[in-house]
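Protein chains in written order, with the working numbering: chain A, 1 to 305; chain B, 1 to 284. We put the beta carbon where it would ideally sit given N, CA and C, even for glycine. What you are looking at is a predicted structure, and each value in this text was computed from that prediction instead of being measured. Report on the following structure.
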């Protein structure tokens, strides 16, 4: 009965539009159900079991035991710590990106060529450049240590083989790989700032750094916010670069990230239940941090409109 | 007048200093890639020598022919293309149609569905990769390229989002007029709006192609049969295999070849690519 009533409320043309509208979005929506929604539910159920991918999942139901075990798993805390340490690269990339973008936001001939050069690492294959940087960081013959030796006569650090330097190496690599996109985004943000803002502030006596501090930084804050959010979401999922450059996870697991550990647990040790629990904790962390950021954004993100 | 001249002179000096600083930075950024390029022409001994050198002495071109003759490498390229072609053809079609619908048509649950799709961008791949792996293995797809092809056919959230944004700036009156003329919905999409979003669609196709070309995670998890390894997986296995006898020139040559296509695409279409990246950040 109700459906008849509803149908009557809609005109024939609107019903037709409704039908076609739904049909046109059906494909991505079905894809979403099959490849995202269903796997999420499945992963949650799996995270409550001692499943290895072969035995019967529901027969091995253990409740929240995996989650409890994770909280006392020292290795998990270690990889979580490593993952967070890598995020030092996010503010470094932002600062460098903004400074370079400010420099590029001038009418200088040939500046576009430089913009292109900075962007090259972004479009290059992650695997290929990670292999290349393995070589750059090579202890005996690498580019860095050759340069250090040529300049100082001393042997450089064992970049990828040392607990401390491996983290420095990964941060350098990640900043290098992503810098081009922060530059492009900041440049777009800078070009959106109306000139009058600077002129008005100049009349009020602001100069150089004052303009940068009080006009530029607040007005590119939407870009900073975007970089922060995407940086954090991506930062928690860092994996391939570690897998390629430090396949063992580093000395005493010093380079391993959460996803690296998860991958080893799920696919090498076949602890699919435990791996799923870790994936869920990761998703929850990402969700909470993103939510906090969205809540806090009106404290510091300025809207140009 | 004089003041003006000296001011422009001052700006010129500042401009030059800034340009030089930026140039130094840019050279530092591409230096590792330049080094990779040159070392692919070096001999093993030169790479492994204690003294740093950039220019190959002598120049050896043999590593490229060696890589190009490796059946694994050619198979990797073929497999990557076998994934890219159907995904890009079908996936752009389904994505652009959905973007059109989200932007120009009215239907029940439109906003909820759109938000649902968008939220998937926040869900870590790690959460769905284990269930997807099980699903593909159970279906017997681990010995084919299907795990990489089928999900893409349904459409790409990033592309839908971007094209919808693009369509929102095109007046809806066009769609209304066509409706009144009795034009069918598919024809409104296909004959009016598809041509209008051609530029944006091209850019998105290029970016998606780069994504497929560079993807390593999905192929390495889902594909078990060496026969179906994509290029990035092959490159990685070259790295572990040839590092044993330190054939770095070969590894570097293979890496250069793996980067080259995306690099060329980027150089040709950089204006569009940079523009679309910038839009996703400023408006997103």
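Going by DSSP, residue 177/A is part of the alpha helix (DSSP H) stretching over 165 to 191. The DSSP-derived three-state label of residue 61/A is strand. Identification of chain A residues near residue 247/B by a Cβ-Cβ cut-off of 7 Å yields none; the smallest Cβ-Cβ distance measures about 12 Å.
The secondary-structure analysis by DSSP pairs residue 72/A with nothing; it has no beta-bridge partner. Non-local beta-carbon contacts of residue 193/A in its own chain, meaning distances under 6 Å to residues more than five positions away in sequence, involve 219 in chain order. The beta carbon of residue 189/B sits closer than 7 Å to the beta carbons of 97, 100 from its chain, once the five residues preceding and following it are set aside; these are given in chain order.
In this structure the stretch 27 to 39 of chain B does not lie against the stretch 98 to 112 of chain A, because fewer than three pairs of beta carbons, one per stretch, are closer than 8 Å. Beta-carbon to beta-carbon, residue 48/A and residue 61/A are separated by about 6 Å, close enough to satisfy the 8 Å threshold. According to the DSSP assignment, residue 219/B belongs to the alpha helix (DSSP H) that extends over 217 to 222.
Excluding the 5 residues flanking it on each side, residue 85/A has same chain C-beta neighbours closer than 7 Å at 167, in chain order. Of the candidates 24/A, 214/A, 50/A, 23/A, the residue whose Cα lies closest to the Cα of residue 266/A is 50/A. Residue burial annotation: residue 122/B is exposed, with fewer than 16 other C-beta atoms found within 10 angstroms of its C-beta. Annotation: residue 280/A to residue 129/B spans about 12 Å, alpha carbon to alpha carbon. Between the alpha carbons of residue 296/A and residue 225/A lies a distance of about 10 Å. Sequence-ordered contacts of the stretch 22 to 35 of chain B with chain A read 22, 23, 25, 26, 29, 30, 32, 33, 35 [C-beta pairs closer than 7 Å]. In the three-state scheme derived from DSSP, where H, G and I count as helix and E and B as strand, residue 49/A is classed as strand. For residue 195/A, the enclosing alpha helix (DSSP H) covers residues 195 to 203. Note on geometry: alpha-carbon atoms of residue 76/A and residue 136/A lie some 29 Å from one another.
A direct Cα-to-Cα measurement between residue 229/A and residue 236/A gives close to 11 Å. With a cut-off of 8 Å on Cβ pairs, the stretch 37 to 46 of chain B is not in contact with the stretch 217 to 224 of chain B, counting fewer than three such pairs. Secondary structure remark: continuous alpha helix (DSSP H) runs of at least 4 residues inside the stretch 126 to 169 of chain B, in chain order: 146 to 153, 157 to 168. For residue 11/A, no alpha helix (DSSP H) segment is defined, and its DSSP state is neither H nor E. Against chain A, the beta carbon of residue 236/B has neighbours under 7 Å at 127, 244, listed in chain order.
When rounded, the separation of the alpha-carbon atoms in residue 246/B and residue 131/A is 13 Å. Assignment of residue 298/A by DSSP, reduced to helix, strand and coil, places it in the helix class. At least one C-beta of chain A is nearer than 8 Å to the C-beta of residue 19/B.
If you check the CB distance, residue 88/B and residue 208/B come in under 8 Å. Across the structure, residue 91/A and residue 175/A are spaced so that their CA atoms are roughly 9 Å apart. Proximity of residue 38/B to chain A, defined by a Cβ-Cβ separation below 8 Å, is not satisfied. Put simply, the CB of residue 270/A is far from chain B, with every gap to its CB atoms at 8 Å or more. Against residue 237/A, the close residues of chain B are 124, 125, 126, in the order they occur along the chain (beta-carbon pairs closer than 9 Å).
In this model, residue 55/A and residue 141/B are separated by some 20 Å (Cα to Cα). The alpha carbon of residue 118/B has as its nearest neighbour, out of 36/A, 143/A, 95/A, the alpha carbon of 36/A.
Residue 106/B belongs to the set of residues whose beta carbon lies under 8 Å from a beta carbon in chain A. The residue from 21/A, 302/A, 239/A, 300/A with its alpha-carbon nearest to that of residue 80/A is 239/A.
With the rule of 3 Cβ pairs closer than 8 Å, the stretch 251 to 259 of chain B counts as touching the stretch 62 to 78 of chain B.
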